[in-house]
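Asker: I am attaching a structure below and will ask some questions about it afterwards.
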Amino acid sequence: MAHVTCLAAARNALLTKHSWDVERKGLNGAPPIRILSNNQRHGWIERTVRLLGIGNDNVFDSPVNKQGHLDSEDLLRGLQEHAGKPTIVLLQAGEINTGVFEPFEELIPIAHEHGAWVHIDGAFGLWAAASSKYKHLLKGVDQADSWIVDGHKWLNVPYDCGYAFVKDSRAPQAAMSHRASYLTHDAVARDQIDWTPEWSHRGRGIATYAAIRQPGKQGVAELIESTCQYAHRLVTRISALPYAELIWEPQINQGLVRFLSAKLNSTDADHDLRTDSVIANVLESGEAFFSGTTWQGKRCMRVSVCNWKTNDLDVEGAINAVQLALSKQ
Ligand SMILES: Cc1ncc(COP(=O)(O)O)c(C=O)c1O
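For the sequence shown, the tail end lands on 434 under the numbering used here, and the numbers increase by one without skipping.
See the structure below:
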């Protein structure tokens, strides 16, 4: 819903620039909105564009470059192809497999030069800004038009705490706001109905406030830094095991490894099978939870550390569980 809120604001702002009042007229007959992103985007986008009536045929993606993000030349080409059309450029702060951050400082000005709205999916990655060690990854992100981040990922707040941020408050308010005589509205106090699609919801902000207030700024930074360190240790130590291969070294708290088949003349399909079977074996051990993923056509084990309780013992236990799983096969 955080993404829906931001993209509803984007839809309003872009179509207003095209002299189309979407809140009154809807999308019938409106200039079609285009969305440009890299092809490793998260699946929320499909569902959001369905809900907002933008439609999946209007999402155009480019393959990621070697660094795992949208290339500036591909972005430029996309913007030129759709020149003059209302366009949203979607960038990521923390890709789910690799944790990659797009180079915001480079890409956002290009998007803005072409009149696009820039939206940032920072579901977990935006929290990296809390750490002086990792905040450089977010350089330039403040130039975007909207951002989302989840509390229920890196901040360890219970589901469902997604936060939407929009630079110009007029757009979300035009898309969301409502007034009713049976409600009390205040001219000064922030009115929730101006900001979210729901009329009423529980006090999610309280859990968020507590989760930031209790550890404080330093505590949130430590949470970010320790989980990044653990992810790095897990990936480097696991990929040093026999028949393990490093696929993506964590830049933050996400990385990828895969496991190679010991069969003679083994193929990628054999490596995929072995990877899934090592993961299943580790899960059976109950020692750690890793999920499988397909990245650039290869089955991989996804290493993601975000729990505040994870400690050295857990990490050693997880590495031992992988080693044991490998020795069994
Ligand atoms: C990068 C990214 N974006 C969006 C989402 C969707 O977030 P939510 O689970 O809060 O709907 C996720 C969830 O895994 C994610 O990792």
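Note that CB positions come from ideal geometry on N, CA and C, so glycine has one too.
1) What is the DSSP secondary structure of Phe209, counted as helix, strand or coil?
2) Hey, is the stretch 338-346 in contact with the stretch 407-422, meaning 3+ C-beta pairs nearer than 8 Å?
3) Using three-state DSSP, classify Lys240 as helix, strand or coil.
4) Got a sec: does ligand 1 put a non-hydrogen atom nearer than 7 Å to the Cβ of Trp252?
5) As a quick exercise: from Pro277, Gly308, Val293, Ala285, pick the residue whose alpha carbon is nearest that of Pro302.
6) Can you tell me the Cβ-Cβ gap for Val420 and Tyr335, rounded? I've got them flagged as a contact below 8 Å.
7) Could you check what DSSP says for Asn143 in three-state terms: helix, strand or coil?
8) Keeping to the same chain, check which residues put their C-beta closer than 8 Å to that of Asn102; ignore five residues upstream and five downstream.
9) From the DSSP output, in three-state form, read off Gly310 for me.
10) Closer than 7 Å to a non-hydrogen atom of ligand 1 - does that hold for the CB of Arg229?
11) Considering Cα atoms alone, identify which of Gly391, Ala216, Met106 is closest to Ser142.
12) Please report how far the alpha carbon of His224 lies from the alpha carbon of Trp252, in whole angstroms.
13) Thinking just about the alpha-carbon of each residue, which of Asn416, Ala188, Thr398, Arg139 is nearest to the one in Gln359?
14) Locate the beta strand (DSSP E) running through Gln323, then write down its first and last residues.
15) Using a threshold of 8 Å, state whether the C-beta atoms of Glu210 and Gly183 are closer than that.
16) Given Asp166, which residues of its chain have a CB within under 7 Å of its CB, disregarding the five upstream and five downstream residues?
17) Taking Ala430 as part of the alpha helix (DSSP H), name the residues at either end of that continuous run.
18) Identify the continuous beta strand (DSSP E) that holds Leu361 and give its terminal residues.
19) Taking only runs that begin and end inside the stretch 348-408, name each unbroken beta strand (DSSP E) of 3 or more residues, in chain order.
20) Would Val293 be called buried (16 or more neighbouring beta carbons within 10 Å of its own) or exposed?
21) Could you check if Lys258 is buried or exposed, using at least 16 other CB atoms within 10 Å of its CB as the buried criterion?
22) Hey, is Gly422 close to ligand 2, as in C-beta under 7 Å from one of its heavy atoms?
23) To which residues does DSSP link Gly435 through a beta bridge?
24) In terms of alpha-carbon separation, which member of Ser274, Val164, Lys403, Asp273 lies closest to Leu352?
25) Tell me which same chain residues have a C-beta within less than 7 Å of the C-beta of Gly227, skipping the five on either side of it?
26) Could you please give the first and the last residue of the uninterrupted beta strand (DSSP E) stretch that includes Asp166?
27) Go ahead and label Leu369 buried or exposed: buried means 16 or more other beta carbons lie within 10 angstroms of its beta carbon, across all protein chains shown.
Answerer: Working from what's here:
1) Sequence index remark: in the sequence shown, residue 209 carries index 104 (1-based). Here Phe209 sits in helix by DSSP.
2) yes
3) Along the sequence shown, read from residue 1 onward, the residue named residue 240 stands at position 135. Of the three classes helix, strand and coil, the one that applies to Lys240 here is helix, per DSSP.
4) What you label residue 252 is simply residue 147 of the sequence shown in a count that begins at 1. Incorrect: Trp252 has no Cβ contact closer than 7 Å to ligand 1.
5) Numbered from its first residue, the sequence shown carries residue 302 at position 197. Cα-wise, what sits closest to Pro302 is Pro277.
6) The residue given as residue 420 occupies position 315 in the sequence shown. The residue given as residue 335 occupies position 230 in the sequence shown. Their Cβ separation, rounded to whole angstroms, is 5 Å, which keeps Val420 and Tyr335 in contact under 8 Å.
7) Along the sequence shown, read from residue 1 onward, the residue named residue 143 stands at position 38. Three-state DSSP puts Asn143 in a strand.
8) The structure shown does not extend to residue 102, since the chain is modelled only from 106 through 434, so no value can be given for it.
9) The residue you call residue 310 lines up with position 205 of the sequence shown. Three-state DSSP puts Gly310 in a helix.
10) Walking along the sequence shown from the start, residue 229 turns up at place 124. A small fix is needed here, since residue 229 is Phe in this sequence, not Arg. Answer for Phe229: yes, Cβ within range of ligand 1.
11) To locate residue 142, count along the sequence shown from 1; it is residue 37. Among Gly391, Ala216, Met106, the Cα nearest to that of Ser142 belongs to Ala216.
12) Start at 1 with the first residue of the sequence shown, and residue 224 comes out as number 119. Start at 1 with the first residue of the sequence shown, and residue 252 comes out as number 147. Taking the straight line joining both Cα atoms gives about 6 Å.
13) Translated into the one-based positions of the sequence shown, residue 359 becomes position 254. Measuring from the Cα of Gln359, the nearest candidate turns out to be Thr398.
14) Locating residue 323 in the sequence shown gives position 218, where the first residue counts as 1. Element bounds for Gln323: not the beta strand (DSSP E) but the alpha helix (DSSP H), 321-344.
15) Within the sequence shown, residue 210 is the residue found at index 105, counting from 1. Within the sequence shown, residue 183 is the residue found at index 78, counting from 1. Taking 8 Å as the Cβ cut-off, Glu210 and Gly183 do not qualify as a contacting pair.
16) Locating residue 166 in the sequence shown gives position 61, counting from the first residue. Correct list, in chain order: Ser142, Asn143, Asn144, Arg146.
17) The residue labelled residue 430 in the question sits at position 325 within the sequence shown. Per DSSP, Ala430 belongs to the alpha helix (DSSP H) from 417-433.
18) To locate residue 361, count along the sequence shown from 1; it is residue 256. Note, Leu361: beta strand (DSSP E), 359-364.
19) 349-353, 359-364, 396-400
20) Residue numbering aside, residue 293 sits at position 188 when the sequence shown is read from its first letter. So Val293 counts as exposed.
21) To locate residue 258, count along the sequence shown from 1; it is residue 153. The residue is buried, with at least 16 neighbouring Cβ atoms inside 10 Å.
22) For the structure depicted, ligand 2 is absent and the ligand set comprises only ligand 1.
23) Look at the range of the chain in this structure, 106 to 434, and you will see that residue 435 is not part of it.
24) The residue you call residue 352 lines up with position 247 of the sequence shown. Residue identity check: residue 352 is Ile in the sequence provided, not Leu. Nearest option by C-alpha distance: Lys403.
25) For the purposes of this step, residue 227 is taken as the residue at position 122 of the sequence shown. The answer, listed in chain order, is Ala198, Gly199, Trp252, Ile253, Val254.
26) For this step, residue 166 is matched to residue 61 along the sequence shown. Note, Asp166: beta strand (DSSP E), 164-167.
27) Here the question's residue 369 lines up with position 264 in the sequence shown. Exposed, since its Cβ has fewer than 16 Cβ neighbours within 10 Å.
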